[in-house]
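Residues 878 to 1060 in the numbering used here are what the sequence shown spells out, letter by letter. Beta carbons are placed, not taken as given, at the ideal position from N, Cα and C, and that holds for glycine. Here is the structure we will look at.
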Amino acid sequence: MRIAVVGKGNVGGGLADLWERAGHELTRIGREGGDVTGADAVLVAVPGGAIAAALDGVQGLEGKIVIDATNLVGAAPPAGFFSNAEFVKSRTDGPTAKSFNVNFAALYGRLRELPSRPSNLWCGDEEARDVVEQLNRDAGYEPVYAGSLDNASTQEGLMQLIFGIVEGGMGRFVYRFAPPDQL
Ligand SMILES: NC(=O)c1ccc[n+]([C@@H]2O[C@H](COP(=O)([O-])OP(=O)(O)OC[C@H]3O[C@@H](n4cnc5c(N)ncnc54)[C@H](OP(=O)(O)O)[C@@H]3O)[C@@H](O)[C@H]2O)c1
């Protein structure tokens, strides 16, 4: 698959490396922007509050399958939208999914050593299912469908709850394979 990642940080860069190892062809796009016309799938992994600015710099998004991995930490979705994922869809008018936002990038390096695949939520459009579920498995996760794109704002909000659990010292009940020093 030809995959473009927008955002080259922990999540964008980390998943790009995992997918490249799984045999996919990656294009990495940062603040300089770029063109995704040739991509079969696009991952957006920029700070949640920067989503509009980031997409402004990307050409060729129309009709694309886009996976939005952003979280809204101290930020709100663009005005008029319940979630960043729904904002993404308004820009692409293509199949859209929310995924990779509730697992920590610090643990990507361990995924292939684990005795079983950790679960990873995705919600979104049915037309995105095959791509999202394949890219979950190719990264080392077992995808868990969490409903339509209407659930994206709830999935975005889930991270706030998980931060609370981790700060309370119970992170291993959510991320059972995580060493305590990585949460
Ligand atoms: N870290 C995690 O474990 C984790 C897990 C799940 C979800 N998330 C979410 O995933 C997103 C990315 O997190 P991260 O940890 O990968 O952050 P990060 O390491 O800070 O990387 C963010 C990337 O986005 C780029 N960026 C910022 N503004 C941009 C713009 N306007 N256009 C294009 N690229 C832009 C940054 O470029 P510069 O380097 O030039 O600033 C950087 O490459 C966030 O929404 C975060 O909440 C994070």
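Handout entry: Glu-1044: first and last residue of the uninterrupted alpha helix (DSSP H) it sits in
Key = Position 167 of the sequence shown, counted from the first residue, corresponds to residue 1044. Run containing Glu-1044: 1029-1044, per the alpha helix (DSSP H) assignment.
Exercise for the section: Given a cut-off of 7 angstroms, decide if Ser-996 and Ile-944 are closer than it, judged by their beta-carbon atoms. Expected result: As a working mapping, residue 944 is identified with position 67 in the sequence shown. As a working mapping, residue 996 is identified with position 119 in the sequence shown. Not in contact: Ile-944 and Ser-996 (Cβ atoms no closer than 7 angstroms).
Practice task
For Ser-996, write down the residues that DSSP places opposite it in a beta bridge.
Solution key: Taking the sequence shown and counting its residues from 1, one reaches residue 996 at position 119. Note: Ser-996 sits in a beta bridge opposite Glu-1019.
Practice task
Return helix, strand or coil for Lys-975, following the three-state DSSP convention.
Solution key: The residue given as residue 975 occupies position 98 in the sequence shown. The answer is strand: DSSP assigns Lys-975 an E or B state.
Practice task
For Ser-960, count neighbouring Cβ atoms within 10 angstroms of its own Cβ and tell me buried if that reaches 16, exposed if not.
Solution key: Stepping through the sequence shown from its first residue, residue 960 is reached at position 83. With 16 or more other Cβ atoms within 10 Å, it is buried.
Problem - For Asp-917, three-class secondary structure by DSSP - result: Position 40 of the sequence shown, counted from the start, is the residue given in the question as residue 917. Three-state result, Asp-917: coil.
Practice task
Could you tell me if the beta carbon of Arg-908 falls within a distance shorter than 6 angstroms of some heavy atom in ligand 1?
Solution key: Position 31 of the sequence shown, counted from the start, is the residue given in the question as residue 908. Indeed, a heavy atom of ligand 1 lies less than 6 angstroms from the Cβ.
Practice task
For the segment 990-1005 and the segment 919-927, state whether three or more C-beta atom pairs, one from each stretch, are separated by less than 8 angstroms.
Solution key: Using a C-beta cut-off of 8 angstroms, the segment 990-1005 makes no contact with the segment 919-927, since fewer than three inter-stretch Cβ pairs fall below that distance.
Problem - Distance, Glu-1010 Cα to Tyr-985 Cα - result: Indexing the sequence shown from 1 puts residue 985 at position 108. Indexing the sequence shown from 1 puts residue 1010 at position 133. Computed Cα separation, rounded: 17 angstroms.
Exercise for the section: May I ask whether a heavy atom of ligand 1 can be found less than 6 angstroms away from the beta carbon of Thr-947? Expected result: In the sequence shown, counting from the first residue as 1, residue 947 sits at position 70. Relative to ligand 1, the nearest heavy atom lies less than 6 angstroms away from the CB of Thr-947.
Exercise for the section: Would you kindly work out how many angstroms separate the C-alpha atoms of Arg-879 and Gly-1041, rounded to a whole number? Expected result: Reading the sequence shown from its first residue, position 2 is the one you call residue 879. Reading the sequence shown from its first residue, position 164 is the one you call residue 1041. Rounded to whole angstroms, the gap between the alpha carbons of Arg-879 and Gly-1041 is 36 angstroms.
Problem - Beta carbon of Leu-914 nearer than 7 angstroms to that of Gly-889 - result: One-based indexing of the sequence shown puts residue 914 at position 37. One-based indexing of the sequence shown puts residue 889 at position 12. In the sequence on display, residue 914 carries Thr and not Leu. Against a cut-off of 7 angstroms, the Cβ pair of Gly-889 and Thr-914 comes out as no contact.
Problem - Contact belief for Gln-1037 with Val-979 at Cβ below 8 angstroms, rounded distance in angstroms - result: The residue given as residue 1037 occupies position 160 in the sequence shown. The residue given as residue 979 occupies position 102 in the sequence shown. Cβ atoms of Gln-1037 and Val-979 stay farther apart than 8 angstroms, at about 11 angstroms.
Practice task
Could you please give me the residues that DSSP links to Ala-952 through a beta bridge?
Solution key: Sequence index remark: in the sequence shown, residue 952 carries index 75 (1-based). According to DSSP, Ala-952 bridges with nothing at all.
Practice task
Could you give the DSSP three-state label for Thr-904: helix, strand or coil?
Solution key: For the purposes of this step, residue 904 is identified with residue 27 of the sequence shown, where counting begins at 1. In this structure, Thr-904 counts as strand in the three-state DSSP scheme.
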